[in-house]
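Trainee: Mind having a look at this structure? Questions to follow.
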Amino acid sequence: MSVTVERLADGIAVVTFSAPPVNLYSLEMHADFDAALDEVLADPPRALLIRAEGKIVSGGVDVAQFHARKSKAETLKLYDRMLELPTRIDAMPFPTFFAAHGLTLTWAFEVAVACDIILASEKAKFGLVERVIGLTPTMGGTQRLAARAGVGRAKEFVFTGDLYDAATLERWNVVNRVLPIEGFDDAVVAFVRAIAVGPTKAFGAAKDILRHFEAGGVPQAIEHTTAIASELFDTADLQHGMESFLENGPGKATFEGR
């Protein structure tokens with residue numbers, strides 16, 4: 003079992019998880035994830051990519067860790083702990099990406115929808131299959147799916163426990179891009195890099211505005227937009243971007259993420 007951090011050019015951090023044979027969630031993996039995210043945040047990147055090693059992304063969770071709880075209080079403590087992982091990823095102040103190269107079930111899907119952008123291969127399939135043990139998703143996947151696809155689709159997804167292919171979830175606005183199986187990893191990095199080289203602080207501001215939208219709709223987002231945007235005045239990227247636009251025209255500026 004491992005969760006590793008790799009740094010690529012252009013400020014990209016890649017977090018890769020591996021727990022053979024099927025990358026089940028466990029408290030031990032979660033602890034490794036925390037350590038990896040601590041490492042990422044100690045030197046914040048311009049973009050974060052989360053991916054998995056192995057034939058599939060994840061086959062689900064280690065049900066034995068659920069069954070080992072002997073009371074409702076113990077179970078609540080476990081679920082509260084599990085919820086911390088996607089919540090932490092959702093709060094990242096820079097663009098986050100999830101690469102789904104194959105089957106992506108339960109906790110891994112809930113981490114995916116906590117990311118800003120989901121990139122899936124043509125063979126990827128997704129499911130919240132907690133119904134098979136009489137449970138409902140506990141890591142925020144239901145509500146984050148509803149935010150992307152609507153309440154009706156979220157109910158269908160959870161109630162059926164079916165597997166949905168990448169093309170269907172792209173149509174539902176859950177998956178952002180479906181990429182060919184051949185060359186998937188390279189295509190993912192190329193997509194991430196195209197955003198990583200942009201104005202990172204401005205992207206973080208967009209995320210803040212959208213958090214207000216998710217919490218209170220357009221009125222709440224409008225209430226906070228100008229204050230959030232004006233904070234960008236002190237960023238080197240905005241000042242350089244305006245100067246470049248005036249001197250050289252649009253699309254010529256390069257950004258440093260600060």
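Counting from 3, one number per residue, gives the positions in the sequence shown under the working numbering.
For glycine and all other residues, C-beta sits at the position ideal for the given N, C-alpha and C.
All values derive from a computational prediction rather than experimental measurement.
Please look up how many angstroms separate the CB atoms of residue 125 and residue 52, rounded, as I've assumed it's under 8 angstroms.
Mentor: With 8 angstroms as the limit, residue 125 and residue 52 do not qualify as a contact, their Cβ atoms being about 19 angstroms apart.
Trainee: Just reading off the beta strand (DSSP E) that residue 127 is part of, what are its end residues?
Mentor: It spans 127–129 - the beta strand (DSSP E) in which residue 127 sits, taken as one unbroken run.
Trainee: Keeping to the same chain, check which residues put their C-beta closer than 8 angstroms to that of residue 35; ignore five residues upstream and five downstream.
Mentor: The residues are 5, 17, 19, 87.
Trainee: Just mark residue 165 as buried or exposed, buried being the case when its beta carbon has 16 or more other beta carbons within 10 Å.
Mentor: The residue is exposed, with fewer than 16 neighbouring Cβ atoms inside 10 Å.
Trainee: Are residue 71 and residue 77 touching if we call contact CB-CB under 8 angstroms?
Mentor: It is a contact, given that the beta carbons lie within the stated cut-off.
Trainee: To the nearest whole angstrom, what separates the beta carbons of residue 101 and residue 168, a pair I think is in contact under 8 angstroms?
Mentor: Not really, about 12 angstroms apart at Cβ, beyond 8 angstroms.
Trainee: In this structure, how does DSSP classify residue 102 when only helix, strand and coil are distinguished?
Mentor: Reduced to three states, the DSSP call for residue 102 is strand.
Trainee: So what's residue 96 in DSSP terms, helix, strand or just coil?
Mentor: The answer is coil: DSSP assigns residue 96 none of H, G, I, E or B.
Trainee: Is it true that the segment 226–246 meets the segment 200–217, where meeting means three or more beta-carbon pairs spaced less than 8 angstroms apart?
Mentor: Yes, the segment 226–246 is in contact with the segment 200–217.
Trainee: Between which residues of its own chain and residue 81 is the CB-CB distance below 7 angstroms, once the five residues before and five after are set aside?
Mentor: The residues are 140.
Trainee: On the DSSP bridge assignment, give the partners of residue 27 in chain order.
Mentor: DSSP, once it has assigned bridges, lists 63 as partnering residue 27.
Trainee: Which value, in whole angstroms, describes the spacing of the CA atoms of residue 224 and residue 208?
Mentor: Whole-angstrom Cα-Cα distance: 12 angstroms.
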